[in-house]
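Numbering of the sequence shown is given in the numbering used here, commencing with residue 81 and proceeding in unit increments.
Ideal placement from N, C-alpha and C gives every residue a C-beta, glycine not left out.
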Amino acid sequence: MSIKIPCPHCGERPIHEFAYGEVPEVPDEITDIDERDLDRAFMFKNTEGVQLEAWYHIYGCRRWVYVYRDTVRDVIVPKPV
Ligand SMILES: [Zn+2]
């Protein structure tokens with residue numbers, strides 16, 4: 081069974097309606113704009129656990145949805161406190 085993404089505009093929708101995009105975190109120490117862009121484009125953390133993800137609802141409202149997903153259990157989880 082595939083997971084469902086809770087879209088704030090369309091409700092819970094199957095994951096195959098979305099395009100995935102990890103939200104990379106660029107360290108503040110990197111100040112060069114080109115280096116920051118490279119980090120955003122290619123330096124993924126491949127987190128084992130909860131991470132913030134961006135999903136683009138390509139077959140729906142065509143808006144970005146930000147959710148936290150536990151990559152181990154492959155489930156959407158509430159924002160960690
Ligand atoms: Zn939507």
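Same chain, Cβ closer than 7 Å to residue i, five either side skipped, listed in chain order
| i | result |
| --- | --- |
| T151 | T127, E128, G129, Q131 |
| R116 | V106, I110 |
| I83 | I95, D154, V155, I156 |
Boundaries (first-last residue) of the beta strand (DSSP E) holding residue i
| i | result |
| --- | --- |
| I156 | 155-157 |
| R142 | Taken as a continuous stretch (DSSP letters only), R142 belongs to no beta strand (DSSP E), as it is neither H nor E. |
Boundaries (first-last residue) of the alpha helix (DSSP H) holding residue i
| i | result |
| --- | --- |
| E115 | 113-122 |
Strand pairing of residue i, partner residues [DSSP]
| i | result |
| --- | --- |
| I85 | R93 |
| G101 | A134 |
| D150 | V130, V155 |
From the options, residue whose alpha carbon lies closest to that of residue i
| i | options | result |
| --- | --- | --- |
| K125 | G101, V145, D114 | G101 |
| A99 | A121, V145, P107, C90 | V145 |
| P94 | V161, V157, G140 | G140 |
| V103 | E133, V161, R142 | E133 |
Pairwise C-alpha distance: residue j and residue i
| i | j | result |
| --- | --- | --- |
| E97 | R153 | 20 Å |
| C87 | W135 | 9 Å |
| D119 | Y148 | 21 Å |
| V155 | I85 | 9 Å |
| E92 | K159 | 17 Å |
Cβ shell of residue i (< 8 Å), same chain only, five flanking positions each side left out
| i | result |
| --- | --- |
| I138 | E97, F98, A99 |
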